[in-house]
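Trainee: Chains as they are written, first to last, in our numbering: chain Z, 195 to 765; chain U, 2 to 480; chain H, 3 to 103; chain L, 2 to 624.
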Amino acid sequence: MILVWIIILLIGTGLLAWLASGWNTFLPRLISLVGTLIYFGITLWLWLEYDPGIGSQKWIISYTAEWIPAFGIQFKLVMDGLSLLMLLLTSFLSVICVLVSWKEINRRVGFFHFNLLLELAGITGIFLSLDLFLFYFSWELMLVPMYFLISIWGHEDRIYAGKKFFLFTQASGLLMLLSILGLYFIHGQNTGIYTFDYEQLLDATMAPQTAFLLMLGFVVAFTVKLSTVPLHSWLPDAHTQAPTAGSVILAGLLLKTGAYGLIRFALPLFPEASHQLAPLAVLLGVVSILYGAKLAFAQTDFKRLVAYISVSHMGFILLGVYSFNEMAMHGVVMQMIVHAVSTGALFIIAGAVYDRIHTRDLHQMGGLWRQVPRMGTMGLVFVMASMGLPGLGNFIAEILILIGSFQGNFKVLTVIATVILITATAYALRIMQKVFYGKEHKVWEIPDFGIREMIVMLSLTSVIIWLGWNPSSVFRLSKVPVQKVIQKINIPEYSQGEEMERIDRDNIYNVANFLDIKYVAINKGNQAQKIIKEVNNTYGRRTEFETINYLPNSPDIEQAEEFKKRSSKTE
Amino acid sequence: MEATDIRILLPIIILAGGILFTLLLVAVKRNHLLTFICTSTTLAASLITLCCMTYEKSHSFGDLFLLDRFGLYYQGLILLSTLVVTIFSYISIRNFYPEKRKEEYYLVLMLGTLGAAMMVVSTHFISFFVSLEILTISLYTLISYYRERSKAIEAGLKYLILAAMSSAFLLFGMALIYSISGTMSFQGFAEISFPLTSMSSVIIVAGVGMMMVSIGFKLGLVPFHMWTPDIYEGASSPTSAFIATISKGAMLAVLLHFFIMADLYRFKSILLTFTIIAVLSMLIGNLLALRQNNIKRLLAYSSIAHFGYLLIAVIAGKEIGLPAATFYITVYIITMLGAFGLVTLISRSNEEAMDIEAYLGLFWRKPILATIFTVILLSLAGIPLTAGFMAKFFLLTAGVEESKWLLAFTLVVGSVIGLYYYLRVIVAMMKKDENTVPGASLSRISYYAGVLVLIILGVLVMELGTSPAWLIDVINGLP
Amino acid sequence: MNIPMEYGLLLAVILFCIGLAGLLIRRNIIFMLLCIEIMLNAAGVAFVVAGAAWGQAEGQVMFIFILAMAAAEVSVGLALIIQLFKQTGSLDVTNANKMKG
Amino acid sequence: MKELLWLIVTLPFAGALILAFGGRKFPHAVSAIIGVGSVSLSAILTLLVGFEFLGDTTPFLQVAWQWFDVYGLSPDIAFRLDTVSLIFIFIITFVGALIHLYSAEFMWKDEGFVRFFVFMNLFIGLMLILVLADNLLLLYLGWEGVGLCSYLLIGYWYKDPKNGYAARKAFIVTRIGDAALAVSFYILFMTFNTLNIQDILTAAPGTWSLGSGIAMATAFLLLGGAVGKSAQLPLQTWLPDAMAAPSPVSALLHAATMVTAGVYLIARTHVLFEIAPTAQHTVAIIGAATLIIAGMSALYQHDIKKVLAYSTISQIGYMFLALGLGAWSAALFHFMIHAFFKALLFLGAGAVISVMRDEHNMFKMGGLWKKLPIIFWTFLIASASLSALPLITAGYYSKDKIIWLAFASDKGSVGLWLAAIVGAFITALYTFRMVFLTFFGKPHAEPTHRPGWMITIPLMVLAFFSFAGGFIELPQNMGNLTLVSDFVEKTLPVATLSVLQPFTELIFQIISSIVAIGAVFLAYILFFNKPFPAAEPQRNAVQRFFFKGWDFDLLYDKVIVTPMIFLAMINKKDIIDQFYTGLACITRQLNALLSATQNGQLRWYAMVVAAGAIIILTIIFFP
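1. Mind pulling the chain L residues with CB within less than 7 angstroms of residue 368 of chain U?
2. Could you confirm whether any beta carbon from chain Z is found closer than 9 angstroms to the beta carbon of residue 329 of chain U?
3. Can you give me the Cβ contacts of residue 238 of chain U inside the same chain, cut-off strictly under 8 angstroms, excluding the 5 residues immediately before and after it?
4. Rounding to the nearest angstrom, what Cα-Cα distance links residue 365 of chain U and residue 433 of chain U in this structure?
5. Residues of chain H with CB under 7 angstroms from residue 611 of chain L, in chain order?
6. Tell me where the alpha helix (DSSP H) around residue 6 of chain U begins and ends.
7. One question on the structure: do residue 536 of chain Z and residue 579 of chain Z come within less than 9 angstroms of each other, judged by their Cβ atoms?
8. Per DSSP, which residues does residue 125 of chain U bridge with? Please list them.
9. Can you check whether the CB of residue 336 of chain Z is closer than 9 angstroms to the CB of residue 422 of chain Z?
10. Counting only C-beta atoms, is residue 74 of chain U closer than 9 angstroms to chain Z at any point?
11. Please name the residue in Z:389, Z:380, Z:390 whose C-alpha comes closest to that of residue 401 of chain Z.
12. Quick check on the burial criterion: 16 or more other C-beta atoms within 10 angstroms. Buried or exposed for residue 472 of chain L?
13. Quick one: grab the DSSP three-state call for residue 623 of chain L.
14. Give me, in chain order, the residues of the same chain whose beta-carbon lies closer than 6 angstroms to that of residue 215 of chain Z; leave out the 5 immediate sequence neighbours on both sides.
15. Where are the alpha helix (DSSP H) runs, 4 residues long or more, that stay fully inside the region 240–294 of chain U, in chain order?
16. Helix or strand or just coil, what does DSSP make of residue 67 of chain L?
17. Please classify residue 81 of chain L: does DSSP put it in a helix, a strand, or coil?
18. Grab me the residues of residue 612 of chain Z's own chain with a C-beta within less than 7 angstroms of its C-beta, minus the 5 sequence neighbours each way, in chain order.
19. Provide the residue span of the beta strand (DSSP E) that contains residue 5 of chain H, from first to last.
20. Note down the Cα distance separating residue 528 of chain Z from residue 286 of chain Z, rounded to an integer number of angstroms.
21. Give, in chain order, every residue of the region 572–590 of chain L whose Cβ lies closer than 9 angstroms to some Cβ of chain H.
22. When the distance is taken between beta carbons, is residue 395 of chain L closer than 9 angstroms to residue 517 of chain L?
23. For residue 209 of chain L, does the three-state DSSP call read helix, strand or coil?
24. Report the CB separation of residue 582 of chain L from residue 291 of chain U in whole angstroms; it is logged as a contact under 8 angstroms.
25. Here's the rule I'm using: 16 or more other beta-carbon atoms within 10 Å means buried, otherwise exposed. How should residue 480 of chain L be labelled?
26. Could you give the DSSP three-state label for residue 272 of chain Z: helix, strand or coil?
27. Going by beta carbon distance, what residues of the same chain come within less than 6 angstroms of residue 297 of chain L, once the five residues before and after it are set aside?
28. Between which residues of its own chain and residue 491 of chain L is the CB-CB distance below 8 angstroms, once the five residues before and five after are set aside?
29. Drop a sphere of 10 angstroms on the beta-carbon of residue 406 of chain U, count the other beta-carbons inside from all chains shown, and report buried for 16 or more, exposed for fewer.
30. Mark residue 722 of chain Z as exposed unless 16 or more other C-beta atoms lie within 10 angstroms of its C-beta, in which case mark it buried.
31. Return the chain-ordered list of same chain residues with a C-beta closer than 6 angstroms to the C-beta of residue 717 of chain Z, the five sequence neighbours on each side being excluded.
32. For a test of the three-state rule: what should DSSP assign to residue 298 of chain L, helix, strand or coil?
33. Where does residue 373 of chain L fall in DSSP's three states?
34. Can you look up residue 134 of chain L in the DSSP assignment and give me helix, strand or coil?
35. Whose CA, out of H:27, H:63, H:84, H:5, lies closest to the CA of residue 176 of chain U?
36. Tell me, please, whether the CB atom of residue 367 of chain Z is closer than 9 angstroms to any CB atom in chain L?
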C-alpha cells in the first residue's frame, strides 16, 4: 500500500503546489521541497529496512488491485531490490531538482512544480508497475509533463526540442504497445488466461520468429529512451534545451527507465530472442559508446557536450545488459545510478554557469577557476567521474561492465569499447580546459556557489565518492534481481532429451550460452563445483553438461576434458 | 401496433411531438430563449424516457426497425450530444447571429436528430434511406443557416451537391442489391445464399461497393473526404459539432449494423476495399492536418484520420470490433463536442476563433479553458490519462487480435504524425500571449454555462481515461 | 409482355452514367442539380425494374420516397442557389471557392 | 608498529582534506605546516615501520574493508607491505617530505599556495596506495589517481593555455597505456577469477605454459601500461612537455616517484613476464632504445629542465633494461639512487630558475658557482652521480650494475651492453654540458636573491644520499656488499648470470669508468668557459631533429591527432540527426502536396468522389 501512497503523495504535492502558486511563488517551492523530502525519507527508510535475507522470497513489497477486469488489467505495484534502488535514486534526484530550480524558475512556478512532481510520479510508476498495461500507461504518462517542462521553461529552441522528444518516444512507445498486445493475445490464446500480469506472461511460449518480432517492439522503445545510436538524436536537443531540473531528470531518470525496461522486461520475457539480438545490441552499444564520445568531443555547447556524454555512457548499459553476465549486469545497475549522479551534476554546473554568464558556448568561457574555485572543484570532481576515474562510482560501473562482458561472447567488441578510456579523457579534459582553465576572455565578476548550491553539489559528491569506495551498498540490493534475470536468460528450461536436437536445429546462441556456462565452470577453478551443483540442483541437468562438453562444435574439447578430469577428481 | 410498441417508441415519439410543438410555438411567438428551453426540454424528456427503458429482448418492427440495446445506446448518445450541441448553439446564435429568425434552427436541429435516432435502429433499406435523408436535408439547412455569410452558402451548396450525389450512389447500390436478392432488409440480405462466383454475386458486391461510396462520404473517409474541411469551416461551430458527432456517429452505427446483420465479412473484396480506405484515411487525414492553421479545418482533417482508425474495429469483426468501435465513437463524440464548444467559447463577437493565432497564450489568459482544450487534444492524440488513450488501446486490441498488422502499424504511424499537429496547438496555447485583444464578448451567464458543460466533458474524458471499466462493461452488455 | 430485368438495369446504368457525366462536366449549378435528378431517377428506374421483376411493391414504394426526397432536396438547393446568385452574381460554381487549403 | 601502515597512507589524505576545506582561511604558515607536516609524519612512520620490518621481513597484509564482491571478483581495500613496496614507500614519503619542505618556500608567493599542497598531498597518498595495493584494481586506482594529480599539477598555472595543453597531453598519453592495462585485467580475471596480485602470481605458472599466446598478450598489455606511465618508447612524448609544472612537481612526480610506477608494475608482476620471455626481452629492448634516444635529445636542449626531463626518460630506460634482463634488484637499486639525485637536480634547477627570474635557458645563465655555492656543490654531486663517475658516486654503483648485467645476465647480449655503455657516455656528456653552461663561463645575468634554509636543507640531505646511497650495494669484486639485492630478493627472484669471472666484471667496470670520465672530459673541452651566444643558436636539420625529441610529436600529430580531430569536427552536426530532419522535411512536402488537392472547387471534389467510386468498383470487379 505504501507504494500507492508514494505516488499519491507526489501527485497530491504537485496539485497543492499548483494551487499554492495563487498566493505567492515561494510557497510552491516549499511545498514540493517538503513533499520530495518525505519521499526521500520513505525510500531511505525502506532501504534501511531491507535485508538481503528476505531477498530470496519473491518481492519486498507488492500491491495489487483490479483496474479494468474486462482486459485482465490490474493495478499492480511491486518492489524488489532493483526498483528500490531506482526509487532511492528518483527520490534523491527529486530533492536535488527542487533545490536547483529554486532560483532558476521564476515564471509560472506553481505549474512548473506540478509538472515536475507529476513527472516523478510517472517515473516512480514505471519503476514499480509489474502489469504491462500499467507499465505502458506510466511510460506514456511521463512524456507529457516532461514535454511541458522542456517547451515552457526551456532555452531558445525549446519548442523544437520538446516536439522531437515527444515524437521519438511516442513512436517507439506505440511499437511497444503493439508488442505488449501481441504478447497478451499469444499468451491468452495459448493458456486461455487473458492478462497483462508480468509474472504470468513470463512463461509465455511462442515461435522464435514471433518472439523476436515482439521483443523488437520492446527493445526499440527502450533503446530510444536509452538513446542508443542511431536512435539517439532526440537526446542532445532535449537535454540542451531543457531547464536544469529537466536535464537532470532526463539524464538521471528518463534514460534509466530504458535500461530498467531492458533488465526487467525485454530480457526475462524473451530469453532466446534476446540471445539472437545480442550481437547486434552489443555492437550498437559499443558504437554508441565511441560515437557519443566522439561527438561530445566536437561540441561547443556545454550542455550539448554533456548530453553526448550521456549517449556514450548509455552505450555501456547496452553492452553490459546484452553480454548476459552477472558481473556486467551489476555494473549496469551501478552505471544507472552513477551516471544519473555524475551527469546530473554536470548539468547543474552547466546551468549554474549559464545563469552567471548567460552563455553555453565553450569558446566564450575560460579561466573561470579564479572567480569560482568551488564551482571549479566540483566541475573537476564530476568531469573526472564521467571519464571513469577510480575512486568515483563510475569507475566501478565501467570496469565491471567491461570485465563482465569480456567474460561473455563479445571479447573483441569489449576490447574496442575500452578505447573509451582514452576518448573519454579527451572530451572530459576539454571541459576543464575550456571552462575553468585557460585565459579569461573578460574579467568575470560572478558569484561562486552559494550555500544552497553547495549543499546540492556536496551531497552529489559524497554519493559519487561513497559509491566509488563502497559499492557493496548497491550490489547488496541488486544481487537478487540480477541473479534472477541471469538465471532466466542464461539457462532456458528445456525438457530433457530434446536438448541435443534443439541445439543442433537452430539456436546456436543457446550452444554458445551453454559453452559460456561451461567456461564458468572450467575457468572458475575453485568455483567449478559450486556452479555445477547449483545448476544441476535447479535444473536437474547433469546430462546437459555432459552433452555440452561433447558438443561437436565445441571450440576447445581439451578444456572440456580437463574440466571433466578436475570435476571428477573433486567429486 | 400495441402498447408496448408505443412505449418502446416513446423517445422518438416525444422527439417528434416536440418538433411539432416547437413548430407551432414558433408560429405563435418568436422567442429565442423560449424555443431553446422547449428544445432542450424535449431532448431531455426523450432522453429520460430512454434511460428509463430496459430492453430485456430486442424488439423489431417488421423488417424496418430493430430496437435493441445497441440501438438504444446509440440513440442515447445522439440525444445527449444533441443536448450539448443545443446549448452551444444557443450561445453561438445569441452572440454571433444578429439576424432575425433564430428559432427555426432548433427545429431543423431536432429534425436532424430525429433522422439520426431513427437511422441507428433501422435495419431495412427503406427505413435507412428515409431517416438518412431526413438527417441529410436538415443538415443542408443547418450548414447554410447563416445565409448572409457567403462561406455558409458555399459550404451548404457543396454539401448539398456532394451529398445528393452520394445518395444517388447509395440508392443505385441498393437497387442493384435488391434486383438480385429481392429483399431490402439487412437480415434478408444475410440469409440469401448463392454461388459467390456467379455474375449475380458480382452485381451484389458492386451494389455494396456503391453503397460504400455514400457511407464513406458521410463518414468522410478518403477518397470521399474532400468536403469535410470546407463544411466544418463554413458551418457554425455547433453545426460542425453536429456533423462531426451525430451524423457521423449515426452512420457508423448503421455501418456496424449493416456489416454484422448482412454479414459482409463473407466478401473478401469488400474487406479489402475497406482496408485500403482505412489505410488511406489514416495517412492522408493526418498528413493533411499536419500544418493546418485553421482549427476547424484541422479538426476536420483529424476526423478523417479518426474514422480511418475506427474502420479497424469495423473490419476486425463482431466479437471485439463492435465494442471497440462503440467505445471509440463515444469517446470521439465527447472530445469533439468539447473541441467545438471550446471554439465557440473562444470566439470573438464578429467571427469565430478558427485561426490558430486566436489561441496564442490561451494558457495564461484562460487557464481553465486551455487546460480542458489540452486534455481534449491529448485525448485526440491518444495520450494516457485521457479517454483517447483507452479508446485507441481498445482499437489496437481489436486490430491485433484479428492480427490486422498492416492496419495496426498504419495507426501507429498515423498517430505519431497526428501528435505533431496536436502539439502545435498546445504549443501555441503555451506561447507568451502577444495579442492582448479582450476575450470573447459573450454574455456572462451563457459563457459560464458553456464553461460548465466543457468542464463536465473534460472531467468525463479524464474519468474514462483513468477508470473506463464501467463504460466498457456497459458496452460489452450490448449484443 | 415483360422485359428481362437486365435490360431495365442496363437502362438505369446508362441513365446513371449520363447523370454522373453531366454532373462532372457542367459548371452551371442548376444543370448540376438536374444531373443529380437524373442519377436519382436512374436509381428509381432500377428499383421499379427490380420490384417488377420480383413482383414486389417495395420497388415502387422506394421510388415514391426517392421522388419526395428529390423534391425536398431541390427546394433547399434552389434556395441556396438564389443566395449564391445574390452574393456572387453568377451561377458558376467555380466562383464558390473561398474555402481551400 | 606495522599496524600503523594504514596511517602512512591516510595522513597525506587527511592533510589534503583539511587544506581543501579550511585552506583559504588559514595563513600560509599554517597550511604549510599541515601540508609538510602530514607527509613528514608518514615519512617518520615509514621509517619506524621499515625498521620493524627489517627485523621480520615476512610480507604483512592489512585489510581495511572489502571493496565489493560480485561474481567472484571480490577485491579488498587492503595494503600489502613487502620489501619491494617498502623501498617504494620509503622513497615516496622521504623524498616527498623533503620536496614538500622545499616547496613551502618555493611556492610561498604563489596565489594557489594551498591548492598546490592539496594536490601534492593527494598525490603522495595515491602513490602510496599504488605501491601498497594488494590487488590490481586498487593498484589501478592509485595508478589513475597519480595520473590525475600529475594532470592537475602540470596544469597548475592554468592561466597559460600552454600548460593546460601540456597537462592534457600528459593525461591522455598515459591513459593510452592505462587502457592496455585495463584490458590485461579482463584476461587475468577471465583466467584466474581474481585480481589479487599474489594469487595471480602463484597461479600463473601452473595455468599458463611458458610463452603461450595468452600469457604473451597479458604481459604485453601490462608493458603497455608501464610504458605509458614511465614515459618509455613509444609513449615518452608527454614527459618533456610536463616540465610546465613547478619544479618541485617535476622533482617529485616526473623524476622520483610517479614515472617509476611502470618499473614498479613490471617488478610486481614479474612472474607474468617470466612466463612470456618475448615480452620481457621487449622490455629490455625498449629500455635500451629509450635511453639512447632520450639521451641524444638531452644533448641538444637549452631549457635546463628539458635536459633533466630527457635524462629522466633515459635513466628509466636503464631501469627497464634491468627489468628486461631479469635483474630486478638492480632495477630497484637504480630507481632508488636515481630518485635521490634526480630529485636533487630538479630542485637545484628549480632554485636556479627561480633566482634567475624564471629563466630556463642555460645559455643565459653561467658563472653561478660563486654566487650560489650550496646549490652549485649539491648540483655537482648529483650530476656526478648521474653521470656515474666511478667509485665515489652512488650512480656509479647502481648504473654500472645494470651495464654489467646487460652483458653478463643470461638474457643479456652485446647489443644491449653497447646501448647501455653508449648511453652512459651520452649521459655524462649532457650532464656536464649542463653543469658547465649553468655554473661556469661568464655570467649573463645576476641572481636576485639567495634561497633560504627550507630550500637548501633538502638539497643537502639529498646530496648526501646521492653520494652515500651507493655504498649499501657494492660489486662482488669490491666489497661485495649486497644489502639491497638481498633485501629485494626476499620478494623478487635473483638475476641469473651466464658468465661468472670476477675479472671480466672488472674489465667492464674499467671500461664504463673510462667512458664516463672521458665523456666529462669531452664536455669540459667543448663547453667549459666557451663564449656562447645567449640567443637561441641556428640549428641544422639534425640538431633540430634531436632537439625536437626525434620528432615523435610531429609524427603522432600527423598520424593520429590531426585525423582524429578532423573526424570529430566534420561530423559535429551528427549526420544521423540530419537523417531524421530529412524525414520530417519529406512529410512536410507530402502535406503541401495534399493541401494543394483541397482547392475548394466543387467540381474537383465531385470528380474525386466519382473516381473513388470507380476505383472501388474496379477493385471489386477484378479482385
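C-beta: ideal position from N, C-alpha, C; glycine also.
Mentor: Walking through what the data contain:
1. By Cβ distance, chain L contributes nothing, its closest Cβ being about 31 angstroms from residue 368 of chain U, past 7 angstroms.
2. no
3. 89, 93, 297, 341, 342, 344, 345, 348, 353
4. 8 angstroms
5. 22, 26
6. 4–29
7. yes
8. U:186
9. no
10. no
11. Z:380
12. exposed
13. coil
14. 222, 303, 304
15. 249–262, 269–290
16. strand
17. strand
18. 596
19. No beta strand (DSSP E) contains residue 5 of chain H, which DSSP labels as neither H nor E.
20. 15 angstroms
21. none
22. no
23. coil
24. Contact flag wrong, Cβ pair sits at about 16 angstroms.
25. exposed
26. strand
27. 547
28. 58, 83, 84
29. exposed
30. Its pLDDT being 41, under 50, residue 722 of chain Z is placed unreliably in this model, and the coordinates cannot settle the point.
31. Residue placement at residue 717 of chain Z cannot be trusted, given a pLDDT of 32 that sits under 50; what the coordinates show is reported in the next sentence. Cβ within range, chain order: n/a, list empty.
32. helix
33. coil
34. strand
35. H:63
36. no
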